[in-house]
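Please read the structure below before turning to the comments.
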Amino acid sequence: MNTPRTLSRRALLRRGAGAAGSLLVPYFVPGSALAAPGRAGANARIGVAVIGTGRRAHQLLGDIAGAPGIPGQCRVVAASDVWPKKCHEYLSFPIRRLPVLLLLVAANLSAAAADWPAWRYDAGRTAASPQDLPAELRLQWTRELPAPRPAFPNDLRLCFDGCYEPIVTGSCVVLPSMVTDTVTALDSETGEQRWTFFADAPVRFAPLAWEGRLYFVADDGCLYCLSADEGRLLWKFCGLDADRQPYKLLGNERLISRWPARGGPVLADGTIYFAAGLWPNEGVFVYAVDAATGRQVWVNDEGGFVKNGLLDHGTRRDGGLSPQGYLAVLGTKLIVPSGRALPAFFDRKSGKMDPYTTGWGGRIALAKGCWYVCGIGNYLFQSGDLYELNSPSRSTLASGSPDLQVSLSDFAAHMNTSTETARQWIERFGLDAGEQAGSPFVRVRAGGPVTYLSWWTFSKPESLRPEERQILESRVRLQVDPANVKDLGTFREPVLSREAIYYSVPENEIGRRFRGEDLPLTSSPQYREIVACDATRPLTPSATYQGGWGSPHRLVQWPAARFDRAWTLPSDLKVHIKAGSRLYAGAPGTVAAVDLPAAGGQPRIGWRASIAGTPARMLAGGGKLLVVTAEGTLCCFGETPALSRNHPARPIDAAPSADTWTARAREILEQAGVRNGYCLALGLGSGRLVEELARQSELQIIVIDSDAARVAASRKRFHAAGLYGSRIHIVPGDLRTLRLPPLMASLVVSEDLEGSGFDGQGAMVERLLALLRPYGGAACLPVSELQHTALDQVIQSARIPGSRLARSANRTWLLREGALPDAADWQHESGDAAHTFASQDRAARPPFGVLWFGGEIDRVLPPFKGPVPRIAAGRMFLQAGNELHAADIYTGRHLWRRSLGRAGQFLAADRELYAISDGVCLRLDPAKGELLGKLAVPESLDKTPGGWEEIRVAGDALIGVAGKHLMCLDRTSGQLRWRFDAERDGISFAVGKNMVYCVDYWLPRHRRRGDAKSEEGTIVALDAGSGKVVWQTTAATPAVTEPPKPPDLPSLVSPQLAWCEASGVLLFTRNDSTAAAYQGATGKRLWAQEWSCKDPPNAYTSASPPIVLSDCLVTHAGEVVDLLTGERRARMWKGMNSELRGCGRALGSPCLITVRDAHLSCYDLAGGGHLYFRGIRSGCTNNLIPAGGILSAPHAMRHCTCNYAVATSLALVNMPEASNWETSQ
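Per this note's numbering, the sequence shown starts with residue 12, numbered consecutively.
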């Protein structure tokens, strides 16, 4: 025990304010003499317990012992016998000193409650503080900040950093920044800056305040601990092993750790919990860290692989966590949001993860994952839905008749929809329904086997796994948020207290979302009322209905419940927080306080003020109300009547006076021919070269430097100039210690190579070359003639393909020219002009690691099926409706967009891009999207309706179809070389090295009456140069009828040709079950047979021509057929659980086949294994393209509402070390 000291009560109050998290509670000491109830004896003693742990709690007791008015005979008594386990220790006093103790307790409570120490106030994320704010608030100051840069700005379920997220501790407002990678302390009275601390990557989550310290995590994967008073680093925790720590990648257009910390920290009982890692395949980590020492308490690194943890349309696959969102604590459980999947639960003491499933999420009312969780007691809100945890009194499966009839009105009420919508569901989904005495009803069964929370499950009934049953019984979903429709709308974000639950009811466009239309994330949704639910009374039982199968679909009744409403207030305000006896809410341009009523009373708006912008977050601390707007302004309201101060956003400083670095930067940019992209600077030097490059270009500059003092000083300097963050980012380290993402740099520069880690030796030269972007990446190195000669010798001896050294103006240029070795393009919809649905890329091969993810490209592809992306010369071209976009495949940067007329096919050649617009073929510059020329259908055929329909490029020729005409044109001038006219309905073709093969065919609708046994087409081989017929043959196939199908998923009914140059074989496919092979030179038929081209064979899987490799063909179902003989080979795959899950055809290369099996996946042709990239799915158009030496996967699941944890664009690159990161299975 500390020696008693004499402190004034005011000093004690100040000390108590710094001990946030400690709570003084008076009570009678058990065992002391009490004369009778209500009469304390002379020897009775009163105790003071400190609820809290650690040095500050102990010190607070010492301060109380020495405070004026406290007698010296106070003593310490062991707390374990008299108070809950959270009690650190207590002092006991004579009861006659009770008034003094109560004063001290009140002072301590007031000081502790004045803080807002965490996101939404506490570990449960309740957003409720006991501290009242002044009745009348006045604007004290505002601070304008750079516009927020969220990681996933258009995804409501991943938008964990949609605005700035400050906290309040003492007299400081602590503000993190995802823009400038900083944590800044502001004076809460004036808004003036006290200090700024720089992390090594964006800071996307709110900090924590505890016992005079601040804690936060960043995209560098680390947990930081700072002193709250001066922002000094006390310790930094990085739980990754030494082999992983140096690895970086490009994530959301920034350089970050391969394992960013995106599980926002939470503190409970002196322990901080957070999570790092985004990609389940590469490992995810949930940590518990001692807040006082930074020592690891435990780590769980097993969440990256969960057997059968994914659920998609009732089908199970192995899954994994992707921690994204703010962690929360409820009792003994740690709750870890997993992005768009359901959250995981961990035991706080041991770190053991509870049984887990992602849930399905892909239909109306299914539990959808989200970054947002909050809770109080046994109640959890997740994505707006209400759950009850560990309730032994509530049965999971409702009991009752197996043939229960639920009236249509009750069914609609339970499902939070209108009766008209419920009628539409009955018809659309074929629900088991009927009518009795003129009243419609829905027939449900109670209990029975059912897939986990799979409402509208059309697959066969499947009993719950034991783990799933445990999940359902321990986390009963009591109420579905009305926002939970086909997609998740603007869900409720409740403010939680023991007495009531408060939330605003948003206006969601349920009808539009139900129809599957793509809606952008809005920053200012509309609200219609504020609701208060009574949390003191038992929940009112209800029911919901899930799990349909069979024909008609019979739903299953599940239990539900709700809190009864205590009052409602019609209002367009959104409730953000509770502070004392008021709610604080906002709407665009407005912030207001709602006075809470006494029992039976009505609430009222007690205060209102105007602001500029839309409130996105509020917090109450230090007697102030702080409002963060979506636009990036921080507003502070307080009691003091004063003129408000405005701290405007700092503009980029004017350029300094020109010097030698000004001219040198200009020369480098001109010689490199680079104005945007990523630039890597080796060392800071004076910093002037980096500064001038930033001012004279749009480059995103990443600087690596190993001198800690120089890094710190330069960060401050560039931050003050308004350049730090996405424009200039300084990372401690050098080429020897860091593992930067390959292929990223369009330009590498250096003022001085000393200290950069570049020694000019072979290993460093190869490492530097690996960083350069193919097709023109350049490194400008300040070396002497002698060093240049030595470098040249290194490159010559290493024989690094595509590398070249040049000397200009006393600088050495190291250039990376052309494609990666063994890389190839994906120029056409089907890969190449031969129509093989395969590229010749041999560089994209496993093992794979993530190269980059996220960025503007995420908002490009259409929300449902679209064309396959084209890739050529390091660029990816995407068609979204009537727009054409280009992106860099090695960094994900969006390059340009161009509007088209009525868009048709497009292709990417080596030097030009061709796109059909209003029937005319446009010739475009692939670098900028600018028009180079137009290729119209020749005048002799200008009456052809619609113009060009299909185009391919072969050498200097453009070959295409318009109506019944196959034509070959000079691809630059548009001059017609030859033409072939079809005699039947249509024509399709494939291009070989010296031949063009086409088939003239009838469509099924023109089959003659009574002739339904077979159909005929004529295959013709044409000389590629002259168009003369070399041979022709007749192909007869079984008749095909177009099956019923959704309108946006056409079946294959026209014949298709594919050419294999390696085997000299022409492949003919007529429908989903027929193929034949012909000798390309003579037309001799080699074989013919039937097999299924669909797996599974349903209306949502289009029949697809097979992939043609060098010696075999591969169907979507994994069947392999020898091209020369037609013999079947061993099947490649049959999916994880007997069949593939999901739509989208397979695509290939000599090394692998990419195919969706729930997750993004591929089949390794060399190793023979099926590789799954857990946590993310490919699109209904296969978007995993092997080309350019990597696997590119632009975001193609914007329409999908299933619970895949991650929804973003990414690229994968061969990375041998990644095989060591895979979570053990």
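Glycine included, every Cβ here is placed at the ideal spot set by N, Cα and C.
Within the same chain, Cβ atoms closer than 6 Å to the Cβ of E703 are found at W672, T673 and A676, the five residues on either side in sequence being excluded. Excluding its 5 nearest sequence neighbours in each direction, A620 has C-beta neighbours in its own chain below 6 Å: V602, listed in chain order.
Residue range E796 to A809 is occupied by the alpha helix (DSSP H) that includes D803. Here E438 is exposed: its Cβ has fewer than 16 other Cβ atoms, across all protein chains shown, within 10 Å. Counting along the chain, G944 sits inside the beta strand (DSSP E) bounded by residues L942 to L946.
Between A572 and T547, the gap from beta carbon to beta carbon reaches 8 Å or more. Within the model, the alpha-carbon separation for E478 versus R728 is close to 55 Å. The residues S1074, V1076 and L1097, in chain order, have a CB closer than 7 Å to that of L1135 in the same chain once the five nearest residues on each side in sequence are set aside.
For W959, the secondary structure class from DSSP, reduced to helix, strand or coil, is coil. For H976, no alpha helix (DSSP H) segment is defined; the enclosing uninterrupted segment is the beta strand (DSSP E) at H976 to D981.
Spanning the alpha carbons of G288 and G275 requires a straight line of approximately 12 Å. Restricting attention to S808, I811, L802 and A830, the CA atom closest to the CA of A817 is found in L802.
Segment contact: the stretch 210-223 against the stretch 653-670, fewer than three CB-CB distances shorter than 8 Å; contact not assigned. Nearest in C-alpha terms to W127, of all of A919, L225 and W1070, is L225.
G971 has I962 and M978 as its beta-bridge partners, per DSSP.
Take A965, set aside five residues on each side of it, and the residues of its chain with a beta-carbon closer than 6 Å to its own are A844 and V1002, in chain order.
The straight-line gap separating the alpha-carbon atoms of A196 and L1195 is approximately 45 Å. Residue burial is scored here from C-beta neighbours: K1039 has fewer than 16 other C-beta atoms within 10 angstroms and is therefore classed as exposed. Contact check for H846 against V871 fails: the beta carbons are separated by 8 Å or more.
G1129 sits in coil when the DSSP states are folded into three classes, being neither helix nor strand. Counting along the chain, K727 sits inside the alpha helix (DSSP H) bounded by residues A719 to A731.
Selection R269, L341 and N657 evaluated against T201 yields N657 as nearest (Cα-Cα). For the options I900, Q613 and S1115, the alpha carbon positioned closest to that of S1065 is the one of S1115.
Counting every other CB atom within 10 Å of its CB across the protein chains shown gives E1026 a total of 16 or more, marking it as buried. Beta-bridge partners of Y595 (DSSP): I588 and A604. In the DSSP assignment, R328 is bridged to L321. Contact check between the stretch 743-750 and the stretch 297-310: fewer than three CB pairs, one atom from each, fall below 8 Å, which does not count as touching. Bridge partners of R886 according to DSSP: A883 and D899. Here L862 is buried: its Cβ has 16 or more other Cβ atoms, across all protein chains shown, within 10 Å. Put simply, of P1161, H976, W1144 and L691 the residue whose alpha carbon is nearest the alpha carbon of D833 is P1161. Burial state of Q613 is exposed, judged by a 10 Å Cβ sphere holding fewer than 16 other Cβ atoms. Exclusion of the five residues before and after S850 leaves A835, W837, G842, S1160, P1197 and A1198 as the residues of its chain whose Cβ lies within less than 6 Å of its Cβ.
Within the same chain, and ignoring the five residues on either side of A641 in sequence, the residues whose Cβ sits closer than 6 Å to its Cβ are C174, S534, T625 and A627. In the structure shown, A834 falls within a coil segment according to DSSP collapsed to helix, strand and coil. If you look at W1098, you'll find it in the beta strand (DSSP E) that goes R1096 to Q1100. The straight-line gap separating the alpha-carbon atoms of G634 and S333 is approximately 38 Å.
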